[in-house]
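Let me begin by presenting the structure, written as C-alpha cells, before commenting on it.
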Amino acid sequence: MLRSFLLSFVLLLWTRLHHAHAALKNNNLSESTMNKIQSGKPLTRKEQKEVEQAELEKYQELRRQGYDEVSNTKESTALRNYRLRKRKRIGLFFHKKRQASLSQVIFPGSTPTNYNSSLFAVSNLILSRRSLEAYDISMHPAFQGLRHAPFKDTNLGAKLEGYSEAYKRLDMIEFNVKQDVPCTVVATTELPVQKIKFLRQLVQKRYRMHLSLDKLPMLMRSRELNYAVKGMPVGFEAPQQYAINRYPENLFLYNHWRFTVTYHEDPSLFEGVRITGFDVHPVSIAHNLPESCSGNQVENNPDTYLSLPDSGTPKTVTFSYQIDWVQSELIWDDRWDVYFLGLPDVAIHYYSMLNSVICMVVLAAVIATALIRVFRKDLAGGTKKDNGWKHLRGDVFRKPESPMLLSIMVGNGAHILVASLITMILNICHVINTMVTGDALTGFVFVYALTSSLGGYVSARLYKLCGGQNLKRNALLTSTVLSGSMVLVFCLFNMASDAIGSSCSDSLSVAELILLWGCISVNLCYLGAQLGERAPCIEMPANAETNDTVRPIPNSRWMKYKKLSVLICGMICFGVLYVELHFLMTAIWLNVTYLGLGYMLTVTLMVTVICAECTLCVCYYQLNSEDHEWWWTAFWNGASVGGYIGLFALNYRFQSLELVGFYSNLAYFTCMFLATVCIGMVCGSIGFLSCLWFTRTMYSAINSDDTVDEDDEEISLLKDPSSEYSDDSTTDADDSQ
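Under mature numbering (1 follows the signal peptide of the UniProt record, and there is no 0), residues -22 to -1, 1 to 715 are what the sequence shown spells out, in order.
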C-alpha cells in the first residue's frame, strides 16, 4: 500500500509540473522563471504568459519538423499534451484547478490492469453516422458463431440506446501478451445472396465495426493525415471510374484485420504490461490459401481486392487476422489523449458562456432599472400612461382558459427541469459518468421517476389555484400525457427495430421501462398531487379580488406586438444555448464524445435566469397596456424557444447529417420533436412561474385604498370595440372633474 501511495504521489507531482518542464526544454524562459519552476514556487501572471508562449513555440516547432499528433512517440505525446492542456485540469467551481492526466479527469478513481498471460477483445455494435440502425457483431459473417450472452451486464440507458447485445467476448481472437500472431484464418464461409446484399448495404451506408481491448476502443490512425478515428469500416466503396477499369463492381469487403497492441512495461513499478493502444489496419484481399495468408505481409493491393458483386450468386470468403505487439514509452494515464484530439477547444465553451453572462447582466440591468423606476412612479401616483396596470387589480387574477392543460404543461416542465439539473449535478460529482455508455440516460430516467411527485405537486397546486375541481383527472393526465407518450414512442420504435432486423430492439428493456414508469413514476406523481391538493391554495393579494364583470381589453399598441414578443423572447433564450446545443447534438447523432455536462449545467442556469427576465419584462408591459390575459402569454413567451430548437434541428439534419432510409429519418425527427416539446415545456414553466410570482408581488405592494378613478368617457371608449383606445387622448379623472 505504501508503494502505491508513493507512486500516486509521484504521478500527481509529475502532472502538475509537466507543462513547466516542457517549457524549460525550450530554453526560452528567463532565469527567474526557470528558478521558480524548479523550486515549485507559484508563478505570476506575466511568468505564466511566458511559459504559455514557450509551450506554443515548442508545439509549432515540432509540427514544422513533421511530427504527427496521433502516434505513440515521445514527440506526438508532447503535441497531444499541449493540445489537451486545458482539458487536463480537475477542480470545481471556485476551487483552484490543478493539472491531472486525462484518465483522472474522465475516469476518476480508475486504476490500471496489469496483464501477464492473455486477454480477449470485446465487441461493440456495428454503427454508422448515416443510419440509426445498429447491428450486433454476430451478424458479421466472420463472427456468426458468436452466440453467447454479453460477458457483463448493461445498464438500462445502454439498453435503451440499443447496446443490449454489445460487450461480447471474441473467443476466436486471443491476444497473448507480447506474442505476435502471423496471418491466421478466423473462418471460411460461403456468403448466401441475402448476406451479400446485407454486406453491400453496410458498405454503402459506411458502417464501422467497434471493438475494445482493456476497455480501450479500437482506433484507425493515419500519421500522414494526422487523424485517428474509432472503429474500422466493414468495407469501402471505390470511385465508379476506378471500378470500371478493374471490376464490374465498386464495393469491396475488408476481410483481413491487422491488429497492433501498444503496451507499456516498467518492471521497477509493476509486473506485467499495461495496454496503452489498440489499433487496426483493415485489408481487403481475395485469399488464395495458403500463399495469401503466410507471415505478416498481407497488404492492400488493388489487384487482389475482395469485391462484393451483385450477381445473385453465393460467394466463399475467408476472414483472417494478425497481431503485432509494440512497446511504447506512453504511460497508462495518457492512453486516452488521442481519442479527444478532435474535440472543440475548451475556449469555445468559455467564450459562449461569457457572451451569455454579458447578455444576462445587461438584460437584468435594463429590466431592473426600467421596472424599479416605473414601479416607484406608479406607487407614488404617476400619470395615467404609467399606471395602467393598476386598473387590472380586479381582473389580473381571473382564471385562464384551459386551466387543466396549463397546469399539466407547467407541472411537467418543472419536473423535467429539476430532473435535468439533478442529473447534471450528479455528473459533476462523478456519480454519473458520460464516458460509460448509457450512464447519463440511466441516471436521468431514474431521477425523473423518483422526482415525479414534484410534477404532480406543481400541477395540482396550479390547477387548484385556477379553481379546478377534477383533481384526480389532472393527476392522471400529468403522469401519463408526456411520460406515457415517450414510453409509447419507445415501444413503437422497439417493434420497428425488431421488424427491420436491427439489434436495437430489446423486449426486456421495454418491460423494465414500463414497470419503472407504471409502478414508480405514476404512483409518485399521484402522491405529489395529493400533497398539492391538501396544501393551502396559493394566496392572492387581498386587494386584487376578481370582479364579476370581465374588463374589456383596449385596442392599444401592445396588441400589435403581442405575437412579436413571443418570437423575441424565444430568440434571446435560444441565442444563449445555441453553442452547447450544437455540441450536444453532435455528440448524440454523430457518436462524438461529450464532456460538457458541466458547461451545460451553467448554460441551463443562465437560460433559466434570462427566460425569467424576458417574460417578466413582457408581462409588465402587457399589464401596463391593460391586457389581463397574461397566463398563457407568459407560458408561450418562454416556450417559444422550443420552436427555434425545432428549426435548428431541421437545419442540422440537412446541413450536418447524412441520414439515409425512412427509419433513420423518422427516428431523428420523432426524437427531436419530443426534445423540442420538453424544452418548450421547461422554458414555458419558467416563464409562467416567474410571472406568477411577479404579479403577486406587484399587486401586493398596492395599498387597499390606492384606487385609480376612471371617467365616464374612458369607460365608454373601453366598452366600444370600434373605437381606438389611446393613452394620449384621455385625461385623468381629477382633470375631467
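Just so it is clear, CB atoms sit at the ideal spot from N, CA and C, and this is done for glycine as well. Predicted model, so just to flag it, every value in this text is computed and none were measured.
**Request:** Report the residue ranges of all alpha helix (DSSP H) runs contained in full by the stretch 135 to 188; include only those spanning at least 4 residues, in chain order.
**Result:** As far as the stretch 135 to 188 is concerned, its whole alpha helix (DSSP H) runs of at least 4 residues are 171 to 182.
**Request:** For the beta strand (DSSP E) holding P260, just list the boundary residues, first then last.
**Result:** 252 to 261 is the span of the beta strand (DSSP E), which, as asked, contains P260.
**Message:** Only counting the same chain, and skipping five residues up and downstream in sequence, which positions put a Cβ closer than 7 Å to that of Y37?
**Reply:** Once the five neighbours on either side are set aside, the close Cβ partners of Y37 are L57, Y60.
**Contacting residues, own chain, Cβ-Cβ under 6 Å from H234 (five flanking each side not counted)** = Excluding its 5 nearest sequence neighbours in each direction, H234 has C-beta neighbours in its own chain below 6 Å: V261, I263, V276, S298, listed in chain order.
**Message:** Residues in the same chain with beta-carbon distance under 7 Å from E30, minus the five sequence neighbours each way, listed in chain order, please.
**Reply:** Once the five neighbours on either side are set aside, E30 has no close Cβ partner at all.
**Prompt:** Whose C-beta lies closer than 8 Å to the C-beta of V335 among residues of the same chain, with five residues either side of it excluded?
**Reply:** So the qualifying residues of the chain are M584.
**Prompt:** CA-CA distance, V436 and I326?
**Reply:** Rounded to the nearest angstrom, the two C-alpha atoms are 37 Å apart.
**Request:** Please go through the stretch 608 to 650 and give each complete alpha helix (DSSP H) segment of 4 or more residues, from N-terminal end onward.
**Result:** Fully enclosed alpha helix (DSSP H) runs of 4 or longer: 609 to 617, 619 to 634.
**Prompt:** What is the rounded straight-line gap between the Cα of Q77 and the Cα of P20?
**Reply:** About 14 Å.
**Simplified DSSP state of R674, which is helix, strand or coil** = Helix at R674.
**Item:** Whole-angstrom distance between M12 and A32, CA atom to CA atom
**Value:** Taking the straight line from one Cα to the other gives about 12 Å.
**Request:** Ignore the nearest five residues each way along the sequence and tell me which others in A346's own chain have a CB closer than 7 Å to its CB.
**Result:** Same-chain partners within the cutoff: there are none.
**Message:** Less than 8 Å between the C-beta atoms of A627 and T648, yes or no?
**Reply:** Taking 8 Å as the Cβ cut-off, A627 and T648 do not qualify as a contacting pair.
**Item:** Contacting residues, own chain, Cβ-Cβ under 7 Å from I550 (five flanking each side not counted)
**Value:** If we look at I550 and ignore the five residues flanking it on each side, its Cβ neighbours are I588, C592.
**Start-end ranges of the beta strand (DSSP E) lying completely within the stretch 482 to 566, minimum 3 residues** = Those beta strand (DSSP E) runs which fall completely within the stretch 482 to 566 and span 3+ residues do not exist here.
**Request:** With a floor of 4 residues, list each alpha helix (DSSP H) that falls wholly inside the stretch 371 to 447, ordered by position along the chain.
**Result:** Unbroken alpha helix (DSSP H) stretches of 4 residues or longer found wholly inside the stretch 371 to 447: 381 to 406, 417 to 428, 430 to 443, given in chain order.
**Message:** Mapping the DSSP letters down to three states, classify residue 727 as helix, strand or coil.
**Reply:** Only positions -22 to 715 of the chain appear in this structure, which leaves residue 727 out of reach.
**Prompt:** Considering only the beta carbon of each residue, do L180 and I104 sit closer than 8 Å?
**Reply:** In this structure, L180 places its C-beta atom within 8 Å of the C-beta atom of I104.
**Request:** Would you check if the distance between the CB atom of A612 and the CB atom of C597 is smaller than 8 Å?
**Result:** Contact: yes.
**Item:** Per DSSP, cross-strand counterpart(s) of L231
**Value:** As a beta-bridge residue in DSSP terms, L231 pairs with G213.
**Request:** Please state whether DSSP places F297 in a helix, a strand or coil.
**Result:** In the structure shown, the three-state DSSP call for F297 is strand.
**Request:** Report the option in L177, L138, K64, V619 whose CA atom is closest to the CA atom of S481.
**Result:** Nearest of L177, L138, K64, V619 to S481, Cα basis: L138.
**Message:** With DSSP as the reference, identify every bridge partner of S96, one or two as the case may be.
**Reply:** Answer is N154, bridged to S96.
**Message:** Comparing C-alpha positions only, which one of N92, Y93, K66 sits nearest to L80?
**Reply:** Considering only alpha carbons, the answer is K66.
**Asked** Does DSSP put F471 in a helix, a strand or coil?
**Response** Residue state, collapsed to three classes: helix.
**Request:** Tell me where the beta strand (DSSP E) around Y598 begins and ends.
**Result:** Per DSSP, Y598 is not a residue of any beta strand (DSSP E); the alpha helix (DSSP H) it occupies stretches across 575 to 602.
**Prompt:** For S457 versus C503, is the C-beta distance shorter than 8 Å?
**Reply:** Yes, these two residues count as a Cβ contact at 8 Å.
**Message:** How far does the beta strand (DSSP E) with K208 in it extend, from its first residue to its last?
**Reply:** Segment 205 to 208, the beta strand (DSSP E) holding K208.
**Request:** Return yes when the Cβ of Y630 is within less than 8 Å of the Cβ of M578, no when it is not.
**Result:** No, these two residues do not count as a Cβ contact at 8 Å.
**Item:** R252, buried or exposed, once every other Cβ within 10 Å from all chains shown has been counted against 16
**Value:** Answer is buried; the Cβ neighbour count reaches 16.
**Request:** Thinking R63 and K183 are a contact (beta carbons under 8 Å), I'd like their distance in whole angstroms, please.
**Result:** About 38 Å; that fails the 8 Å criterion.
**DSSP-derived helix/strand/coil call for S330** = Helix at S330.
**Cβ-based burial, D149 [other Cβ within 10 Å; buried from 16]** = So D149 counts as exposed.
**Request:** Please report how far the alpha carbon of F471 lies from the alpha carbon of I492, in whole angstroms.
**Result:** Linking F471 to I492 through their CA atoms gives a straight-line distance of about 14 Å.
**Message:** Spatial neighbours of G391 within its chain, please: C-beta separation below 6 Å, excluding the five flanking residues on both sides.
**Reply:** Cβ within range, chain order: M659, V660, G662, S663.
**Item:** D302 versus L177 - alpha carbon distance
**Value:** One C-alpha to the other measures close to 28 Å.
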